[in-house]
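To keep things clear, I will list the structure first and then write my remarks on it.
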Amino acid sequence: MSLWRSTIFRLLMIYALVFAGSVLGLVWVNYCSSANYTATQADYNINWQFQYFAALPRNLMLEQIDARIRTTIHRPVNYYGVFAPDGQYLKGDIAVRPTVVEPNGDGVWFRPQLTSLKIERPQYMRTKATRLADGDVLVIARDVDEMTRLRDYMLGGIAWSGAIALLGGLGFGVLCSAVQLRRIKEMRRLANLIAQGNLNTRLPERGGDELAWLSQIVNHMLDEISRLMNEVKSACDGIAHDLRTPLIHIRSLLARIEPTALRDADAQRVQLAAQETDEVLKRFAAILRISEIEALHRRAEFSDTDMRALCQQIGELYAPVAAARSVELKLDLQPVLHVRADYPLMYEALVNIVDNAIKFAPEDGTVVIAVSQCAEGPRITVRDDGPGIRREEKLAVLQRFYRSERTRDTPGSGLGLSVVQAVARLHDFRLALEDANPGTCVALDCWPERRGL
């Protein structure tokens, strides 16, 4: 889970977009307001001058305009132009009457042409025109560059302030998101441990935010699940222990009966009762063994294990068993890397797998034990050509005591694959049942399983 895919970061991005839009809206409103204020003030100043010049006689007005132009030492603020009704230039530093400016109309943003190229024409000018009593047109253009620059500086300051605030908020938000993401990664790691069977693990409850509340809820659920599982496990183990003792006594009593002292029919019944008692004792022993394996957390005893040598040893052990059942046992063992595993438990699991394969293989059938090196680690497969396992039963056969309808007549307790599953979970290995067409292929991937948490 990366920072860019987290909900916290997405909410931060939405906040950043909303904030950026708000800043842009603020800049636009300020721009429009300042532009309107600049135009209003310029129009007010021009109108005041219109009233002043309109009250003067024509000759005095022209003299005043000429005097103002000549007495300007620095860059002028106002520019004047007097034109005849037909547009002919009469006086001022505006050389051409602007056609876009209507007399007695609204002011416009326009830069009129000046009489001298030496005069620096402002960038922003507000221009208005009025018709005098004698029919002449007076045009006044006002330089608003200073106000415009001030407005631009103000808007730039607002924009930069918004950008700095946005970047600072994003940086702080990313930092907070990274902190939260580290907490989530820690919770994910602990959740993986819980999923692997370490039910004593609990999520951290530090802080008073939503993650801490969620951790408290999950921890409470785990406490209840652990309590219920321990109660069920204790009850099952207690029953197995309690029933095992009288069964052992019964088996001992049956063993003491001399067959010669009984009739043939009674001797057969006693022998059958002894066999059934042995089968029940095997099932109880398997139940207790599964509980023992599931309760093991002895990873400290794991060591480097050569799976090829382990399968070679099991193949040599079961070769006579397979031959006695007219089953051909083949070995396809490639060199593989060592893995961290508990040797006795892996031996027990593979023995159960091979024993099942030989048991369900048909007469003159074949069982193949193969070891190969994958990119992640060694893979062990045991393949037979027996009746196989239907797709809907592949998960069920891993449960305790489950027996398929097609194999109910075969001796067994239905606990062999349960032992294998318990060992695989302890090692965090992946156990898979695949179709061999015909038969079944049991695959054991000897590397940590990647879980989707």
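Taking the numbering used here, I'd label the letters of the sequence shown as residues 15 to 467. Ideal placement from N, C-alpha and C gives every residue a C-beta, glycine not left out.
| Asked | Found |
| --- | --- |
| Between the stretch 92 to 109 and the stretch 20 to 34, do at least 3 Cβ pairs fall closer than 8 Å? | no |
| According to DSSP, simplified to helix, strand and coil, what is residue 285? | helix |
| Please confirm whether residue 328 and residue 368 have their CB atoms less than 7 Å apart. | yes |
| Based on the DSSP secondary-structure assignment, which residues constitute the bridge partners of residue 460? | For residue 460, which the question treats as bridged, DSSP gives no partner whatsoever. |
| Consult DSSP for residue 12 and reduce its assignment to one of helix, strand or coil. | Given a span of 15 to 467 for the chain in the structure shown, any question on residue 12 remains unanswerable. |
| With three or more beta-carbon pairs closer than 8 Å as the criterion, would you say the stretch 175 to 195 touches the stretch 66 to 73? | no |
| Mind checking who residue 92 pairs with in its DSSP beta bridge? | 156 |
| Among the residues of its own chain, which have a CB less than 8 Å from the CB of residue 240, if the five just before and after it don't count? | 213, 214 |
| Do residue 378 and residue 453 come within 7 Å of each other at the CB atom, strictly closer than that value? | no |
| Considering Cα atoms alone, identify which of 356, 386, 361, 333 is closest to residue 535. | One cannot answer for residue 535 here, as it falls past the ends of the chain, which runs 15 to 467. |
| Counting along the chain, where does the alpha helix (DSSP H) carrying residue 106 start and finish? | Unbroken run through residue 106 is the beta strand (DSSP E), 103 to 106; no alpha helix (DSSP H). |
| Assuming residue 335 is part of the alpha helix (DSSP H), what are its boundary residues? | 321 to 338 |
| Identify whether residue 443 lies in helix, strand or coil by the three-state DSSP scheme. | coil |
| Please report how far the alpha carbon of residue 392 lies from the alpha carbon of residue 336, in whole angstroms. | 25 Å |
| Taking the beta carbon of residue 270 as the centre, do at least 16 other beta carbons fall within 10 Å, making it buried, or is it exposed? | exposed |
| Quick test of the definition: if touching needs 3 or more C-beta pairs under 8 Å, does the stretch 184 to 195 touch the stretch 25 to 39? | yes |
| Counting Cβ pairs closer than 8 Å, one from the stretch 46 to 62 and one from the stretch 155 to 174, do we hit at least three? | yes |
| Residue 136 and residue 124 - do their beta-carbons sit closer together than 7 Å? | no |
| Can you give the Cα-Cα distance for residue 396 and residue 266, rounded to whole angstroms? | 38 Å |
| Run through DSSP, which three-state label would residue 466 get? | With a pLDDT of 45 at residue 466, under the threshold of 50, the predicted position of this residue should be treated as unreliable, and no value is reported. |
| Helix or strand or just coil, what does DSSP make of residue 219? | coil |
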